[in-house]
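Taking it in order: structure first as structure tokens, then the write-up.
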Amino acid sequence: MQFRRILKHLFYPDWLAWQAFPSRSRRAIERAISESEARHGGEIRFAVEPNLPLRPLLRGMSARERALEIFSQLRVWDTEQNNGVLIYLLLADRDVEIVADRGLNGRVEAAEWEAICRQMEADFRRGAYEAGVRQGIQAIGAHLARHFPPPADNRNELPDRPTLIV
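Sequential numbering of the sequence shown, starting at 1, is according to full-length UniProt numbering.
Structure, rendered in structure tokens:
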């Protein structure tokens, strides 16, 4: 299994990320994040990576482990209420991971995040990349609105623009 995964990642072209998320889709996702964040005090980031770099791939890094790295690199943890949420998509594995900051611990069950991931993956299998991400943002936003209503000075702490890691 590991050998097949390595080959898959090595030969998975970066341009497929651009094809799945053209500039029009990235702008729509950015708007969806902005609109969602207007309704709660949380922060949402979306990052897509076509394939893993060679060194993590050879170490057998999982999509979850990579999502945790990206969460840190994008500083999603750096919010006043510790309520940042990363949606990470690893295209070569067709795997979606949601990483939520510690302010959401005990408020949203892991099974709820997992259900959002599985729904997004189902949308992606149908080729509905933009719709899948927007639906995921909406579901995450509902959790954030329930636990973090928008403050009076609801400032944007993190960029809303999707990140393509290539």
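By construction, the Cβ of each residue, glycine as well, lies at the ideal position given by its N, Cα and C atoms.
If the criterion is Cβ atoms closer than 8 Å, does the pair residue i and residue j meet it?
i      : j      : result
Glu37  : Ile29  : no
Ala92  : Pro150 : no
Val85  : Ile98  : yes
Pro159 : Val48  : no
Gly127 : Asn83  : no
Ser25  : Tyr129 : yes
Arg134 : Ala32  : yes
Ala67  : Leu164 : no
If you run the structure through DSSP and keep just helix, strand and coil, what is residue i?
i      : result
Phe46  : strand
Leu158 : coil
Leu58  : helix
Leu164 : strand
Tyr129 : helix
Arg31  : helix
Arg146 : helix
Ala38  : coil
Give me the DSSP bridge partner(s) of residue i.
i     : result
Val85 : Ile44 and Ala100
Asp95 : Leu90
With distances taken Cα to Cα, identify the nearest neighbour of residue i among the options.
i      : options                         : result
Ile116 : His147, Ile87, Phe3 and Arg39   : Ile87
Lys8   : Leu52, Gly136 and Arg31         : Leu52
Phe46  : Gln19, Ala145 and Gly132        : Gly132
Gln138 : His40, Arg59, Leu68 and Leu164  : His40
Leu54  : Gly106, Trp15, Arg94 and Arg5   : Arg5
Asp101 : Phe21, Asn154, Phe148 and Arg27 : Phe148
Gln2   : Met61, Gly136 and Arg125        : Met61
Ala145 : Val76, Arg107 and Leu57         : Arg107
I think residue i touches residue j, with their Cβ atoms under 8 Å apart; what is that distance to the nearest whole Å?
i      : j      : result
Glu157 : Glu109 : Contact doesn't hold; Cβ gap of about 25 Å is too wide.
Leu104 : Ala63  : Not a contact, Cβ separation roughly 20 Å.
Glu121 : Val96  : 5 Å
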